[in-house]
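Chemist:
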Amino acid sequence: MEKTESITEIAEIEEFYGKDMATRDAYGMILAQLGSKNPNIVVLDADLSCSTKTVLFAKQFPQRFFNMGVAEQDMIGFATGLALTGKIPFASTFAIFASGRAWEQVRQSVCYSKANVKIVATHGGITVGEDGATHQALEDIALMRVIPDMTVIVPADAYETAQCVVEVAKYQGPVYVRLGRAKVPAVMPKDYKFQIGKAYIFRLGKDVNIIATGIMVYESLRASEELNNEGIDTGVINLSTIKPLDVETILSVAKNSKLIITAEEHSVIGGLGSAVAEFLSEEYPIPIKKIGVKDCFGCSGDYKELLRFYGLTKENIINTVREFFKK
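Letter 138 of the sequence shown, counting from 1, is numbered 132 in our numbering, and no numbers are missing.
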């Protein structure tokens, strides 16, 4: 697998900085920009282009856009064929379908042949909201990271998403990018430069460090402010690349912590928390508490209410830390 080069400066990326917007919107916009710069980029969708925002690419480059219909398995196989001819295919649908319905094709066709396919799945996690449990992918990170040669990325905001898509287009090999439906707050600083496989340290704490991904980066930053005000020295790390893990940063953070908290909008089984715990259990055992959806399905509701219902909030992070230090 070839590692990505440092990010190519594209002036349009600056427009995403500081904006509260859905990561899927940032994806659609930057993908259309990339289409004008690289004629080898082609896009496939499974009849959901208005939702995944690949419709923006389709309108500008109709000859390089393929609506595969409600046939996700066929879409992945078709994308593999395009990749083997030298194209750079971006295949998009909802996360539940990309990771679930097409899992065998992702494993057998894409990853086994190391095909240069970019699977960018939107509507991940419970923030899908009213669509309910059948459409709320809480297992997709686990399903994707277990496949050999698959890179798994979960951007935290629109600015990181735009940079991520640029890097993914240059990266040689299979990639799974998980995006969301709902608008998310801007969190990444203006001088941030996304790199595949590299975590970003907002601040390193001496007592506890929160390793978060996706929308939970924002909640973790809010939690850290309150904990620091209480006298619990708390840091936050954005681990947007779940695979390959930035083991150097994780090990360094663990050696400077009394407690590690992981926070993700995903099942606590098999996702970010599991990946961090698996590594540290062998290299540097340390107390770890996982914030995420327990062993259950989601349900229908307003996405902010669902985040509270499943404990994916700053309050749950704060209470978890408080309880640890009380003991």
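Where is the CB? At the ideal position from N, CA and C, for every residue including glycine.
1) What ranges does the beta strand (DSSP E) occupy inside the region 196 to 270, keeping only unbroken runs of at least 3 residues that lie completely in it?
2) Is the CB-CB distance between Thr77 and Asn34 below 8 angstroms?
3) Is the distance from the Cβ of Phe319 to the Cβ of Ile255 below 8 angstroms?
4) In terms of residues, what are the limits of the beta strand (DSSP E) holding Ser86?
5) Would you call the CB atoms of Gly286 and Gly267 closer than 8 angstroms?
6) For Lys184, count neighbouring Cβ atoms within 10 angstroms of its own Cβ and tell me buried if that reaches 16, exposed if not.
7) Identify, in the order they occur along the chain, each residue of the same chain with its Cβ nearer than 7 angstroms to the Cβ of Glu9, setting aside the five sequence neighbours on each side.
8) Note the first and the last residue of the continuous alpha helix (DSSP H) segment covering Leu137.
9) By the three-class DSSP mapping on this structure, what secondary structure does Leu50 have?
10) Strictly by DSSP, which residues pair up with Phe59?
11) Among Leu173, Val160 and Ile209, which has the Cα closest to the Cα of Ala180?
12) Please check the pair Thr121 and Tyr21, which I expect to be a contact at CB under 8 angstroms, by giving their CB distance rounded to whole angstroms.
13) Between the alpha carbons of Val178 and Ile231, how many angstroms are there, rounded?
14) Which parts of the region 100 to 171 are runs of the alpha helix (DSSP H), unbroken and 4 residues or longer, counting only runs that do not cross its ends?
15) Within the same chain, show all residues whose beta-carbon is closer than 8 angstroms to that of Ala65, passing over the 5 residues directly before and after it, in chain order.
16) Can we say the region 52 to 65 touches the region 97 to 117, given the rule of at least three CB pairs closer than 8 angstroms?
17) Among Phe84, Val247, Pro279 and Val146, which has the Cα closest to the Cα of Ile195?
18) Please return the same chain residues whose Cβ sits closer than 8 angstroms to the Cβ of Ile147, not counting the five positions on each side in sequence.
Modeler: Taking the geometry as given:
1) 202 to 206, 228 to 232, 235 to 237 and 253 to 261
2) The residue labelled residue 77 in the question sits at position 83 within the sequence shown. The residue labelled residue 34 in the question sits at position 40 within the sequence shown. Per the sequence shown, residue 77 should be read as Ala rather than Thr. In this structure, Asn34 does not lie closer than 8 angstroms to Ala77 by Cβ.
3) Your numbering for residue 319 matches position 325 in the sequence shown. Your numbering for residue 255 matches position 261 in the sequence shown. No, Cβ-Cβ distance for Phe319 and Ile255 is not below 8 angstroms.
4) One-based indexing of the sequence shown puts residue 86 at position 92. Ile82 to Phe88 is the extent of the beta strand (DSSP E) around Ser86.
5) By 1-based counting over the sequence shown, the position of residue 286 is 292. By 1-based counting over the sequence shown, the position of residue 267 is 273. Contact: yes.
6) As a first step, residue 184 is located in the sequence shown; it is residue number 190 there, counting from the start. Answer is exposed; the Cβ neighbour count stays below 16.
7) Taking the first residue of the sequence shown as position 1, residue 9 is located at position 15. For Glu9, where only same-chain residues beyond five positions count, there are no Cβ hits under 7 angstroms.
8) Taking the first residue of the sequence shown as 1, we reach residue 137 at position 143. Run containing Leu137: Asp134 to Arg139, per the alpha helix (DSSP H) assignment.
9) Position 56 of the sequence shown, counted from the first residue, corresponds to residue 50. Helix, per DSSP.
10) As a position in the sequence shown, residue 59 is number 65, starting the count at 1. Beta-bridge pairing links Phe59 to Val37.
11) Numbered from 1 along the sequence shown, position 186 holds the residue referred to as residue 180. It is Ile209 whose Cα lies nearest to the Cα of Ala180.
12) Position 127 of the sequence shown, counted from the start, is the residue given in the question as residue 121. Position 27 of the sequence shown, counted from the start, is the residue given in the question as residue 21. Actually they do not touch by this definition, with Cβ atoms about 15 angstroms apart.
13) The sequence position of residue 178 within the sequence shown is 184, counting from 1. The sequence position of residue 231 within the sequence shown is 237, counting from 1. Roughly 18 angstroms separates the two Cα atoms.
14) 134 to 139 and 152 to 164
15) Translated into the one-based positions of the sequence shown, residue 65 becomes position 71. Excluding positions up to five away in sequence, the list reads Ala40.
16) no
17) Sequence index remark: in the sequence shown, residue 195 carries index 201 (1-based). Cα-wise, what sits closest to Ile195 is Val247.
18) Along the sequence shown, read from residue 1 onward, the residue named residue 147 stands at position 153. For Ile147, where only same-chain residues beyond five positions count, the Cβ hits under 8 angstroms are Cys158, Val162, Val169, Tyr170, Val171, Arg172, Ile190, Ser234, Thr235 and Ile236.
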